[in-house]
Amino acid sequence: MKLVPLNSIFNIEYGNKLDFNKMVKADDEKDGINFISRASKNFGITGKVKEDALHEPYEAGLITVTLGGSYLLASFIQPDKFYTAQNIKVLKPIHSLTFNEKLFYCLCIQQNRFKYSSHGREANVSLDNLLVPIAMPKELEKVSLNNIVKDSSAPVKETKIKLDVSKWQHFKLSDLFEITGSKTTPLKKLEEYGVGEYPYVTTQATNNGVSGFYNFKTEEGNVLTVDSAVVGYCSYQPQAFSASDHVEKLIPKFELNKYIAMFFTTILNLEQYRYNYGRKSCQERMRKLKVKLPVDEKGNPDWQFMEDYIKSLPYSSNL
Amino acid sequence: MANERKTENIVRKHFTKFEKECLIEEQKSENPKINKLLKNASKKGEGAGYPEFIISFSDNQNFIIVIECKSSVKKHESKNRDKYSEYAVDGALLYASYLSKEFDVLAIAVSGQSFGELKVSHFLHLKGENNAVPKFSNKLLDLDSYIQGYVKSPEKFRQDYDSLLDFSKELNEELHSKKVKESQRSLLISGILIALENSAFEISYKKHSKPEDLANNLADTISNELKNANLHGKKLESLKTAFTFIRTHTALSGEKNVLSNIIDNIDTHINHFIKTYKYFDVLGQFYIEFLRYANNDKGLGIVLTPHHITHLFAELADVNKDSVILDNCCGTGGFLISAMSKMIKDAKDDKRKVESIKNKQLIGIEWQDDIFALACSNMFIHQDGKTNIIHGSCFDGKVIQQVKEFRPNTGFLNPPYPNIDTDPLELEFVLNNLEILQPNSPCVAIIPISCVLASKGKEYELKRRILESHTLEAAMSMPNQLFYNNDVGVVTSVLVITAHKPHPRGKKTWFGYFKNDGYTVQKHKGRGDFGREWDAIEKQWVDIFKNRKVIKGLSLLKEVAPEDEWCAEAYMKTKYSELMEQNFIKELKKYAAFTIITSD
């Protein structure tokens, strides 16, 4: 494949070089302009700021590339209007490119990471002349998110159900679940077993608590897990898994499915304000905890309602 | 017909009175720096700007005043402040925004035809800031009021404080490169500050030709100053020992200009700050900075309290001119200095009262040698040379007796954290403080929250003893990252306890959930009040504490026993009313994203 310098495909310039801390933050999350920093997640968006009279924001659809920082050359197609921090370049296609083509070049740029290091050789000077393929291979045109996810926001059932929290009743968590610990498996040991199908549940509060998949399990699935080390993050584990230290298990004393599980994780994650590094969500505290749930005429938890409610929400068809 | 010349004449007449103290220029300045900045500051959009008056000062080159006049009061200020050539305020602010690239600017907008109808607005735009803040009243003031108002403004304080923190970083690097140990850095600074109190030293330190002579002279001056400060015998000897490293340090006593440059820098930066803003624990701030990167000293278990919390303590305990403060593990004396500041303010101009506050009403105990030396120096610098810091253990019967004679009526403490099994627990320090206090005195302590959660064991026993003899008034859960700058992850709680009054049956304790103090973390700067929110938050905290207000999500009243958890988060009600469809959808999205990403 023929390689050409990046600046023959894009007009490349330094971004706004603004300081996020000196910008006026947007009052409302919905309006306001994305501020792009050198973060490697969430398109590099650090927050929303108000439009600044002295600076024109960039338009949506341009590509940002970080020149330094811990995730150098992180490249994103910006979904909305944006400002940038220092050490970020903005790429405007010279001739119009499709979304897939832009994505292709983002990946091409990131492929060059091995040449650079933060606080070492940074990309400021050489980015413009980075060699990239002259065009995207034809077969990549077919790749589309729609082939992977079917109408992602669709609910299972097209009905509207309202919540009326005022009629809910308190239940002791220990009456609904058996609260126990899990067996701790060190990462080292898992690496010996090798990569496989079983999730490794840790105390992280992202990606459903899962930090990797290995060929080893110690716990049965269809339970809730709660971290007792940091914030008390609750997630649903459908399949058998292994766990790191401080992962507690909530084994249901009722018929649990993924819909009811979603109802519970939402409710239990409301309790995080009680927990911190000095006061953890340990088994003893969880046993004392009471949560509010919708009830049927007899005053029992209304499992059917919880399931139906979750099924009525957008994205439920993707569970 | 309104005439702008008339307005200008009024202003000119007003400021000519002060001609001896400043330089008044019109339209342009002889100062090239000012002219360069005004070059692009035209009110019409292009070209240079010509403000009516520019006032500068030979003794304060960072500060200038810029004045814009308009004939008619109708042309005083536009709604959006963006009609620069037509309105006085708009124009003044425009000039300020340009000049603030290099100066602290006071922008004055004046309109009107006579002294009677004159309309005046003032704005302070400090160097490097994004915005100007309104200041002063709507009258022309004398020059001294302007200067005082500028020097003493909270904005100026923040700016100076920020540059002090920047300086602390520079100094830390400098001392690091000269291989001065972390634990000795604060001592060196405090020693230099003590020596600079001596005018003979201040004049002569640059004149030593040999660095060794200067090092010895510095150490001698420190000893002499301390001798004159109520310090004798063993106490003096241990302080002298703490400072001896200056005499023998390779770079300080051997390399040319190293020590004299450090002294010079400290004189300009720190000494100036201390003299302008009295009663601020500067050394504590430096100590935190110096230890931030020092791994070897963390084992000492010393975690200095951030300044805004020491300030909060003085408010919570209602410190006044008659308070007698005890801190039984005083560290660098942060609580004592904050309290002193409030007490002296309360004493107003009563010189004898101020004297008594400094001599008899601030008592600290510190056990560790080098920290003791720091505490003494710190008190010395703020107290005109007197100090009541006791070197010893607060559990020593003799020390307790000695402190009791001062009849302390307010206790503050941030106890050290136990390092090995035999170290006393935090609550033992709290009980020790309570024991020494007069009956009915408030004791305010900040301790790890885990200390007040136990339902069995040693900590439970200490909780029981507290309620047996004293009253638990309040417990406030503090922000999780409060000690971020000390590089300590511990989550803390503030207790307020009344001494020697057994906890009454049926009494409800007040619990606060104080997780947001407005501070945020910024790269390279650490945790600070960057949004300027703390003052308002502190006011609210103090108000709801003093009036024992119950506010949803912030505070509650609850009767507790020794075996209960003494913290708000155990008893707060989850806000189900705020539970929305949005919460559930977010949870679904997260889970759906997880399943999509991990599917094949």
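Order-wise, the sequence lines are chains B and W. Reading the first sequence from the start, the letters are residues 250 to 568 in the numbering used here. Reading the second sequence from the start, the letters are residues 116 to 715 in the numbering used here. Note that beta-carbon positions come from the ideal geometry of N, C-alpha and C, so glycine has one too. Keep in mind the model is a prediction, meaning the values are calculated, not measured.
When only Cα atoms are considered, residue 420(B) and residue 684(W) end up about 19 Å apart. Going by beta carbons, residue 372(W) and residue 311(W) fall outside the 9 Å limit.
Contact between residue 450(B) and residue 474(B) holds, with the beta-carbon distance rounding to 5 Å and staying under 8 Å.
At a cut-off of 9 Å between C-beta atoms, residue 347(B) does not count as an interface residue with respect to chain W. Counting along the chain, residue 620(W) sits inside no alpha helix (DSSP H), nor does DSSP assign it H or E at all. Taking the Cα of residue 689(W) as reference, the smallest distance to any Cα among 394(B), 311(B), 314(B) and 418(B) is reached at 418(B). Looking at the DSSP output, residue 254(B) sits in a beta bridge with 380(B).
Close to residue 703(W), with beta-carbon spacing below 9 Å, are these residues of chain B in chain order: 511, 515, 559, 562, 563, 564, 565, 567 and 568.
Following the DSSP letters along the chain, one finds residue 237(W) inside the beta strand (DSSP E) bounded by residues 234-240.
Per DSSP, the unbroken alpha helix (DSSP H) holding residue 282(W) starts and ends at 269-292.
DSSP, read as helix, strand or coil, puts residue 642(W) in strand. Per DSSP, the continuous alpha helix (DSSP H) segment holding residue 426(W) begins and ends at 422-431. Neighbours of residue 271(B) in chain W, taken as residues whose beta carbon is under 8 Å from its own, are 245 in chain order. Fewer than three Cβ pairs drawn from the segment 492-509 of chain B and the segment 536-546 of chain B lie within less than 8 Å of each other, which leaves the two stretches out of contact. Non-local beta-carbon contacts of residue 171(W) in its own chain, meaning distances under 6 Å to residues more than five positions away in sequence, involve 138 and 179 in chain order. Under the three-state reduction of DSSP output, residue 321(W) falls in the helix class. Among the CB atoms of chain B, none fall inside 9 Å of the CB of residue 589(W).
Among the residues of chain B, none has a CB under 7 Å from the CB of residue 420(W); the nearest is roughly 17 Å distant.
For residue 680(W), the nearest CB of chain B lies under 9 Å from its own CB, placing it at the interface with that chain.
In this structure, residue 219(W) and residue 177(W) form a Cβ contact; the two beta carbons are roughly 5 Å apart against a cut-off of 8 Å. In the DSSP assignment, residue 418(B) falls within the beta strand (DSSP E) that extends over 418-421. At the C-beta level, residue 627(W) and residue 670(W) come within 9 Å of one another. With contacts defined as CB atoms closer than 9 Å, residue 441(W) and residue 551(W) qualify as a contacting pair. When Cβ-Cβ separations below 9 Å define contact, residue 694(W) makes contact with chain B.
In the structure shown, residue 338(B) falls within a strand segment according to DSSP collapsed to helix, strand and coil.
In this structure, the beta-carbon distance from residue 392(W) to residue 275(W) falls below 9 Å. It is roughly 10 Å from the alpha-carbon of residue 264(B) to the alpha-carbon of residue 315(B). Residues of the same chain with a CB within less than 8 Å of the CB of residue 359(B), apart from the 5 flanking positions on each side, are 322, 323 and 324 in chain order.
Look at the beta carbons and you see the segment 558-566 of chain W touching the segment 592-611 of chain W: at least three pairs across the two are nearer than 8 Å. Within chain B, the C-beta atoms nearer than 7 Å to that of residue 595(W) come from 525 and 526, in chain order. Between residue 605(W) and chain B, the shortest Cβ-Cβ separation is below 9 Å.
Annotation: the segment 159-194 of chain W contains the following complete segments of the beta strand (DSSP E) (minimum length 3 residues), in chain order: 168-171 and 178-185.
For residue 298(B), the nearest beta carbon of chain W is not closer than 9 Å to its own beta carbon. Residue-level contact by beta carbon fails for residue 406(B) and chain W, as no gap is shorter than 9 Å. Closest in alpha carbon position to residue 379(W), among 318(W), 611(W) and 353(W), is 318(W). The alpha-carbon of residue 419(W) is positioned some 15 Å away from that of residue 593(W).
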